[in-house]
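Numbering (the numbering used here), first residue to last: 37 to 132. Yeah, the Cβ is synthetic: ideal placement off N, Cα and C, and Gly gets one too. The structure displayed is predicted, hence computed values, not measured ones. First up is the structure itself, then whatever we jot down about it.
In structure tokens, the structure reads:
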């Protein structure tokens with residue numbers, strides 16, 4: 037991906053009134069990838085909805101990074117289960 041298409045973490049944090057360290061700290065939980073170019077951190081545009089949801093958990097609800105990791109894991113598991121349910125419903129319709 038070209039640098040022009042990426043979002044500078046400093047800019048994202050400025051717009052959302054966050055410390056850059058918050059995004060950096062989340063990196064240890066591997067919730068989303070960060071790209072390093074010339075010692076600057078960047079976010080892929082596809083990651084924005086996830087990162088904005090994480091920011092809302094932090095700013096609106098005051099949830100710490102550990103809690104955000106747990107919530108993200110549970111949401112991911114729920115999404116997997118929803119896909120499994122849809123697949124099973126599709127298979128069940130074939131037998132009806």
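Residue range 76-79 is occupied by the beta strand (DSSP E) that includes residue 76.
As summarised for the region 75-112, the continuous alpha helix (DSSP H) elements at least 4 residues long and confined to that stretch are 84-97, given in chain order. For residue 63, the enclosing alpha helix (DSSP H) covers residues 56-63. A Cβ-Cβ contact shorter than 8 Å links residue 93 with residue 107.
A straight-line Cα-Cα distance of about 42 Å links residue 88 and residue 132.
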